[in-house]
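Undergrad: Before anything else, here's the structure in question.
In our numbering, the protein residues as written are 8 to 319.
Pasting the structure below:
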């Protein structure tokens with residue numbers, strides 16, 4: 008049996024009997040498919056040359072000595088794993104070059120939605136906290152209805168907004184019901200950024216909050232705005248705008264430098280095996296002695312269909 012035939016049988020077994028084959032056999036099949044895909048795409052040409060020194064470095068960095076692996080089996084296993092990773096990264100990076108979505112996602116993550124990055128602070132008046140304050144102030148409020156709670160929260164929000172206008176936004180930050188704000192206020196090192204809404208993306212706290220942010224200028228605070236959980240007094244700290252076309256090339260280069268993620272590896276593995284299975288299925292469709300097309304089921308070799316081709 009030739010080397011090529013052995014390779015084909017190994018891949019076939021890994022595909023046809025996944026429960027009966029070992030992970031090692033499955034990985035060996037994947038390695039052959041990776042090599043073929045790299046050759047097809049013209050990528051990863053230096054993977055073989057790079058794998059050996061990477062494996063050697065991994066071996067000795069782990070504290071092992073050459074005498075610990077006299078047959079070189081462990082170093083060979085490390086080399087195979089390094090080669091697999093290099094080829095995966097090469098293929099995934101090639102595929103990313105055609106994926107504008109990855110670049111756009113990084114752009115939004117780095118520069119904000121539509122290229123606008125804002126730093127926003129808020130003082131939060133929570134409906135839940137308002138109910139608690141009402142209960143503490145007067146036992147009769149323990150069963151207060153939702154409309155009353157909303158009214159009390161709104162009144163408190165407008166009162167705090169008036170204080171902010173008179174004494175500055177910083178003067179009301181300690182009144183916030185936001186748990187993160189209250190926690191950061193307790194630490195002198197984080198007190199100055201206690202009211203910041205981390206990573207604000209124009210989605211958190213709803214559309215009314217977002218509208219307030221859009222019309223504010225840096226340093227200005229809003230009138231109270233309502234969300235599903237309470238009222239907010241919003242201050243815009245800064246606004247930075249970046250055009251996609253100004254940074255697209257740098258972002259693409261960064262995307263291409265990234266190592267393949269576990270999700271990308273799983274997707275690549277599935278794609279290569281699916282494509283191989285499709286090729287094998289097509290290869291197994293052959294005319295029988297009577298000129299009919301016969302397709303055999305790959306797992307068992309059972310005849311699935313006989314189709315008589317149309318007469319010429």
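Idealized CB from N, CA, C, for every residue including glycine.
1) List the DSSP bridge partners of residue 131.
2) Which same chain residues, not among the five before or five after residue 185, have their C-beta less than 6 Å away from its C-beta?
3) Taking all protein chains shown into account, decide if residue 177 is buried (16 or more other Cβ within 10 angstroms of its Cβ) or exposed.
4) Between the beta-carbon of residue 109 and the beta-carbon of residue 100, is there less than 8 Å?
5) Would you check if there are 3 or more beta carbon pairs closer than 8 Å linking the region 202-212 to the region 108-128?
6) Out of 164, 219, 209 and 91, point me to the one whose CA is closest to residue 119's CA.
7) Out of 179, 200, 163 and 151, state which residue places its alpha-carbon closest to the alpha-carbon of residue 237.
8) If you follow the alpha helix (DSSP H) that residue 120 is part of, which residue opens it and which one closes it?
9) Let me make sure I understand the geometry here. Which of 274, 289, 258 and 112 has the alpha-carbon closest to that of residue 41?
10) For the alpha helix (DSSP H) that residue 85 lies in, which residues bound it at each end?
11) Can you confirm whether the region 134-142 touches the region 152-166 when touching is taken to mean that 3 or more C-beta pairs between the two stretches lie within less than 8 Å?
12) Under 8 Å, do residue 220 and residue 243 count as touching if we go by C-beta distance?
13) Thinking C-beta only, is residue 280 closer than 8 Å to residue 241?
14) Counting only the same chain and skipping the five closest in sequence on each side, list residues whose C-beta sits under 6 Å from that of residue 86.
15) In angstroms, rounded to a whole number, what distance separates the CA positions of residue 259 and residue 94?
16) Exposed or buried, which one is residue 134 when buried takes at least 16 other CB atoms within 10 Å?
17) If distances are taken between C-alpha atoms only, which option among 211, 287, 98 and 197 comes closest to residue 47?
18) State buried or exposed for residue 37, treating a residue as buried only when at least 16 other CB atoms are found within 10 Å of its CB.
19) Quick check on the DSSP output: the alpha helix (DSSP H) that includes residue 180 runs from which residue to which?
20) Would the beta-carbon of residue 268 fall within 8 Å of that of residue 122?
21) Roughly how many angstroms separate the alpha carbons of residue 257 and residue 166, rounded to a whole number?
22) Using three-state DSSP, classify residue 126 as helix, strand or coil.
23) Compare the C-alpha of residue 245 against each of 223, 253 and 229 and name the closest.
24) Thinking C-alpha only, which one of 107, 214, 228 and 264 is nearest residue 169?
25) State yes or no: is the C-beta of residue 183 within less than 8 Å of the C-beta of residue 190?
26) Are there 16 or more other CB atoms within 10 angstroms of the CB of residue 67, so buried, or fewer, so exposed?
27) Determine the direct distance from the alpha carbon of residue 56 to that of residue 264, and round the result to whole angstroms.
28) Measure the C-alpha to C-alpha separation of residue 45 and residue 96 and round it to an integer number of angstroms.
29) Can you name the start and end residues of the alpha helix (DSSP H) that residue 192 belongs to?
30) Please work out which residues of its chain come closer than 6 Å, Cβ to Cβ, to residue 179, disregarding the five sequence neighbours upstream and downstream, and give them in chain order.
TA: On the basis of the supplied data:
1) Beta-bridge pairing by DSSP links residue 131 to 239.
2) Result list for residue 185: 131, in chain order.
3) So residue 177 counts as exposed.
4) Cβ distance not < 8 Å, so residue 109 and residue 100 don't count as in contact.
5) Yes, the region 202-212 is in contact with the region 108-128.
6) With distances taken between Cα atoms, residue 119 lies closest to 209.
7) Cα-wise, what sits closest to residue 237 is 163.
8) In the DSSP annotation of this structure, residue 120 is not part of any alpha helix (DSSP H), being labelled neither H nor E.
9) When only C-alpha atoms are compared, the closest one is 274.
10) It spans 80-103 - the alpha helix (DSSP H) in which residue 85 sits, taken as one unbroken run.
11) Contact between the region 152-166 and the region 134-142 is present, because at least three Cβ pairs lie under 8 Å.
12) Yes, these two residues count as a Cβ contact at 8 Å.
13) No, these two residues do not count as a Cβ contact at 8 Å.
14) Cβ within range, chain order: 58, 59 and 62.
15) Using only the alpha carbons, I get a separation of about 20 Å.
16) Answer is buried; the Cβ neighbour count reaches 16.
17) Looking at 211, 287, 98 and 197, the one whose alpha-carbon comes closest to that of residue 47 is 98.
18) That one is buried.
19) From DSSP, residue 180 is part of no alpha helix (DSSP H); its letter is neither H nor E.
20) No, they are not a contact pair.
21) C-alpha of residue 257 to C-alpha of residue 166: approximately 48 Å in a straight line.
22) Strand.
23) Looking from the CA of residue 245, the closest CA among 223, 253 and 229 belongs to 223.
24) Nearest of 107, 214, 228 and 264 to residue 169, Cα basis: 228.
25) Taking 8 Å as the Cβ cut-off, residue 183 and residue 190 do not qualify as a contacting pair.
26) Exposed.
27) Taking the straight line joining both Cα atoms gives about 19 Å.
28) Cα to Cα, the separation comes out at about 10 Å.
29) For residue 192, the uninterrupted alpha helix (DSSP H) run begins and ends at 186-192, by DSSP.
30) If we look at residue 179 and ignore the five residues flanking it on each side, its Cβ neighbours are 130, 167, 170 and 171.
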